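Data first, discussion second: the structure below is written as structure tokens.
Residue numbers (our numbering): 4 to 220.
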């Protein structure tokens, strides 16, 4: 039975490796567009430097009426410039706009004791939204998708703060912070891509090893 399953498992592994190769190639191409080559000034900056940038994110089209979204900071790590997550240019105004845009949905989510949506309770609203999605998986309306995008961008500021703290830890001598940063940074950044390439290499090596009969290894 095991021998019969081996070819099928091997095919599945090949498909997984192929999918990872495609994903890495796509990310590399997207990053080449999204992250232009570092300027000579950036190359001279020491590692750990936080740079101010302004890169508008045009991929969040559902938030066009809510507020401008852009990348505002990047950090230089191991001689590579890594963008942080995009955030609202004006979070307070974006909060006002989402309440004007989705009054009905927010009212439904508030049932059960939540007060009006604010910067203090938005995580509770996000939890309610997730619970609603789990209960009604076939009722994914445009309003629900817009609110999900809003919460995603609104929470990115906290992610950026956590990344910058981890950068400080790394340059204070905590070697474990490097792998943490690879997991924390946006997937289009050089550090995240490095981790993807290593994962792909391990999978390919494992695939080659599994193709060799056990008695011949």
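Heads up, the beta-carbon is just placed ideally off N, CA and C, and yes, glycines get one too. Just so you know, these numbers come straight off a predicted model, no measurement behind them.
Going along the chain, which residues of its own chain have a beta-carbon closer than 8 Å to the beta-carbon of residue i, five neighbours each way excluded?
| i | result |
| --- | --- |
| residue 169 | 180, 183, 184, 187 |
| residue 120 | 98, 101, 102, 109, 113, 128 |
I'd like to check one pair, residue j with residue i: are the Cβ atoms closer than 8 Å?
| i | j | result |
| --- | --- | --- |
| residue 72 | residue 156 | yes |
| residue 85 | residue 194 | yes |
| residue 172 | residue 87 | no |
| residue 150 | residue 131 | no |
Identify whether residue i lies in helix, strand or coil by the three-state DSSP scheme.
| i | result |
| --- | --- |
| residue 50 | coil |
| residue 57 | strand |
| residue 64 | helix |
| residue 75 | strand |
| residue 156 | helix |
| residue 80 | strand |
Return the CA-CA distance between residue i and residue j, expressed in angstroms with no decimal places.
| i | j | result |
| --- | --- | --- |
| residue 34 | residue 67 | Caution applies to residue 34, whose pLDDT of 40 falls short of 50 and renders its modelled position unreliable; the value that the coordinates give is listed next. About 23 Å. |
| residue 105 | residue 201 | 43 Å |
| residue 148 | residue 129 | 12 Å |
| residue 137 | residue 89 | 27 Å |
| residue 95 | residue 192 | 28 Å |
| residue 190 | residue 175 | 24 Å |
What does a CB cutoff of less than 6 Å around residue i pick up in its chain, not counting 5 residues either side in sequence?
| i | result |
| --- | --- |
| residue 97 | 69, 70, 91 |
Along the beta strand (DSSP E) that carries residue i, what are the first and last residues, could you check?
| i | result |
| --- | --- |
| residue 86 | 83-86 |
Kindly list the residues whose CB is nearer than 7 Å to the CB of residue i, restricted to its own chain and excluding five residues on each side of it in sequence; keep chain order.
| i | result |
| --- | --- |
| residue 63 | 72, 152, 156 |
| residue 57 | 73, 75 |
| residue 82 | 50 |
| residue 47 | none |
If I follow the unbroken alpha helix (DSSP H) through residue i, where does it start and stop?
| i | result |
| --- | --- |
| residue 180 | 180-187 |
| residue 111 | 106-113 |
| residue 143 | It is not in any alpha helix (DSSP H) - residue 143 carries neither H nor E in the DSSP assignment. |
Is the beta carbon of residue i within less than 7 Å of some heavy atom of the ligand GDP?
| i | result |
| --- | --- |
| residue 49 | Judged by which ligands are present, the structure shown has none, so any question about the ligand GDP falls away. |
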